[in-house]
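Beneath this line is the structure, given in structure tokens, with notes to follow.
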Amino acid sequence: MNLFRLFKREQPSDVARDRIQILLAHERSVTGSSNLIALLRDEILLVVAKYIPVDLDQVDVNMDRGASLSTLQIDIQLPISAKPRQVVHCDA
Amino acid sequence: MGQVMVVTSGKGGVGKTTSTAALGAALAQTGQTVAMVDFDVGLRNLDLVMGAERRVVFDLINVIQGQAKLAQAMIRDKRLDTLFLLPASQTRDKDALTEDGVAKVMKELTANFDWVICDSPAGIGKGAVFAMQHADLAVVVTNPEISSVRDSDRIIGLLDAKTEKAKKGHDVEKYLLISRYDENRATSGDMLQIDDILEILSIPLLSVVPESQEVLRASNLGSPVTLCSPNSAPAAAYRDAARRLNGEVVALTIPKEKNRLFGRIFGRRAA
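The structure is reproduced here in structure tokens:
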């Protein structure tokens, strides 16, 4: 990881790249070709939303593809007031 | 049998017609016979960019409907005698195109020319599908800008679904032509990077055409930029693209910019 990147303001070109990548990941999944990121994003969100209320505008999904390692990063902002949903445990 | 190449993009105004004219002229300059077909029925412009607007007598629709023979409708370029143009109709609309009619014209063209270049209308409608239907290869013109990249992605999907080749289970060769590229804005981080676009669309790069005033000047004068300003950066980019289309291996450079950026891209890609 490049340390300088931590201090550098994000460039418009980087914002554009991230936006278009996420958008296309979604659109490609809608138009048929299977897409891992969109599927993962939706399912992970579903799981989180099951326990904590999540505002869908406060979700940030990023995919970094490298030669040997790719990372999927999902930032979900939780409101301070967020309380876990009541989870009903079933005693068998 | 000639090769059919569609120049397409989805988005309008990215340089399809300019690129068709420039590539057509560059290919014809190598001595090959080239037919350029304008598929933008109702909004034709290739005739204007080629400076042939006053020589149009018959058009694609006339040929399809049997009112003229193909040879009567083809306009020979005044500068290059192996370069021909088949204009679109300006007074009709896209419904005048028929599947059988287009197939027949394309068959006759491929029998007589080394290259048939189809200039696609913008959008993903009927006209764009007709333009790509018989293509062996596609040049997807993209500006380094998110809306253009998004539309290109859509067109690539269409190429894989709607072309005859794809329907038969073959691959349509697809190449990316990045136009209106501004090195200064890319370096300052204001413009999508070439390697990002390549990664997102994942089709091979044909060429990068720098933003240049020569392109507007050429269309004002009614001449392909490759003929009008042969020493300009866009002309060099299109010439390189034509050589690659002919199977030559040409080192990727952005004309004028001396390898710097491409060194970076390929350095990274090789890693």
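Just so you know, the sequences run in chain order R and C. Sequential numbering from 140 applies to the first sequence in this note's numbering. Sequential numbering from 977 applies to the second sequence in this note's numbering. Cβ coordinates follow ideal geometry from the N, Cα and C atoms, glycine included.
Counting C-beta neighbours from all protein chains within 10 Å, is the total for residue i 16 or more, i.e. buried, or is it exposed?
i	result
Thr1067(C)	exposed
Thr984(C)	buried
Gln1109(C)	buried
Asp1053(C)	buried
Lys1143(C)	exposed
Gly986(C)	buried
Gly1103(C)	buried
Gly1243(C)	Any reading at Gly1243(C) must be qualified, since the residue scores a pLDDT of 44, below 50, and its modelled position is unreliable; the value itself is stated next. Gly1243(C) should be labelled exposed.
Ser1195(C)	buried
Ile1214(C)	Going by the sequence as given, residue 1214(C) is Tyr instead of Ile. So Tyr1214(C) ends up on the buried side.
Asn1160(C)	exposed
Gln1005(C)	buried
Ser173(R)	Low per-residue confidence applies at Ser173(R): pLDDT is 47, beneath 50, and the placement is therefore not dependable, though the value from the model is reported in the following sentence. With fewer than 16 Cβ atoms within 10 Å of its Cβ, Ser173(R) is classed as exposed.
Lys189(R)	exposed
Ser1128(C)	buried
Leu1203(C)	buried
Val85(R)	Because chain R in this structure spans residues 140 to 231, residue 85(R) falls outside the shown range and cannot be described.
Relative to the alpha-carbon of residue i, which residue among the options has its alpha-carbon at the smallest distance?
i	options	result
Ala1098(C)	Met1050(C), Arg1031(C), Leu1177(C), Val990(C)	Val990(C)
Met977(C)	Thr1009(C), Gly986(C), Ala1001(C), Val1017(C)	Thr1009(C)
Val1013(C)	Asp1057(C), Gln1005(C), Lys1150(C), Leu1022(C)	Leu1022(C)
Asn1088(C)	Val1025(C), Ile1122(C), Leu1046(C), Lys1102(C)	Leu1046(C)
Ile161(R)	Gln216(R), Glu182(R), Ile183(R), Leu211(R)	Leu211(R)
Arg158(R)	Glu1121(C), Ser1155(C), Arg1030(C)	Glu1121(C)
Ala1001(C)	Glu1084(C), Asp1172(C), Ala1212(C), Val1032(C)	Ala1212(C)
Ser1188(C)	Asp1147(C), Ile1176(C), Leu1182(C), Ser1155(C)	Ser1155(C)
Val982(C)	Ala1209(C), Leu1228(C), Gln1169(C), Met1082(C)	Met1082(C)
Ala1028(C)	Gly1042(C), His1146(C), Lys1150(C), Leu1062(C)	Leu1062(C)
Gly1101(C)	Asp1076(C), Asp1069(C), Ser1208(C)	Asp1069(C)
Asp196(R)	Ala164(R), Ile215(R), Val154(R)	Ile215(R)
His165(R)	Ser152(R), Gln150(R), Asp181(R)	Asp181(R)
Ile240(R)	Asp203(R), Asp194(R), Val200(R)	Examination of residue 240(R) is not possible in this model, given that chain R is present from 140 through 231 alone.
Glu1149(C)	Arg1130(C), Leu1174(C), Leu1113(C)	Leu1113(C)
Val1017(C)	Phe1034(C), Pro1210(C), Ala1209(C)	Phe1034(C)
Pro151(R)	Ser1178(C), Glu1075(C), Ala1162(C)	Ala1162(C)
Asp1136(C)	Ala1227(C), Val1105(C), Asn1119(C)	Val1105(C)
Phe1015(C)	Gly1007(C), Ala1044(C), Glu1075(C)	Glu1075(C)
Under 9 Å between the Cβ atoms of residue i and residue j?
i	j	result
Ala1107(C)	Asp1095(C)	yes
Val1201(C)	Leu1153(C)	no
Asp1158(C)	Pro1186(C)	yes
Asp1216(C)	Pro1206(C)	no
Leu1059(C)	Leu1036(C)	no
Gly1165(C)	Met1026(C)	no
Ile1132(C)	Leu999(C)	no
Arg1020(C)	Ala1064(C)	yes
Leu1085(C)	Ala1011(C)	yes
Arg1126(C)	Leu1182(C)	no
Arg156(R)	Ile1176(C)	yes
Asp1147(C)	Lys1138(C)	no
Gly1032(C)	Ile1051(C)	It should be pointed out that residue 1032(C) corresponds to Val in this sequence rather than to Gly. Cβ atoms of Val1032(C) and Ile1051(C): closer than 9 Å.
Val1184(C)	Lys992(C)	no
Val980(C)	Ala1111(C)	yes
Leu1003(C)	Ala1218(C)	yes
Asn201(R)	Ile183(R)	no
Gly1077(C)	Gln1041(C)	yes
Note down, in chain order, every chain C residue with its Cβ under 8 Å from the Cβ of residue i.
i	result
Ser152(R)	Ala1162, Gly1165, Asp1166, Met1167, Leu1168, Gln1169, Asp1172
Could you tell me which chain C residues have their CB closer than 7 Å to the CB of residue i, listed as they occur along the chain?
i	result
Gln212(R)	None at all; the shortest Cβ gap to chain C is about 17 Å.
Arg180(R)	Under the 7 Å cutoff, chain C gives no residues; its nearest Cβ is about 17 Å from Arg180(R).
Going along chain R in order, which residues have a C-beta closer than 7 Å to the C-beta of residue i?
i	result
Val1125(C)	Ile159
So, does the CB of residue i fall closer than 9 Å to a CB anywhere in chain C?
i	result
Ser172(R)	Low local confidence applies: a pLDDT of 46 at Ser172(R) is under 50, so the model's placement there is unreliable, and no value is given.
Glu166(R)	yes
Ala155(R)	yes
Leu208(R)	no
Leu195(R)	no
Pro192(R)	no
Ala231(R)	In this prediction, Ala231(R) has a pLDDT of 47, which is less than 50 and means its spatial position is unreliable; nothing more can be read from the coordinates.
Got a sec: is the Cβ-Cβ distance from residue i to anything in chain R below 9 Å?
i	result
Asp1158(C)	no
Gly1099(C)	no
Ile1176(C)	yes
Gly1133(C)	yes
Asp1129(C)	yes
Ser985(C)	no
So with CB distances below 9 Å, who are the chain R contacts of residue i?
i	result
Ile1122(C)	Ala155, Arg156, Arg158, Ile159, Leu162
Quick check on residue i - is its C-beta less than 9 Å from some C-beta in chain D?
i	result
Gln216(R)	Among the protein chains of the structure shown, namely R and C, there is no chain D.
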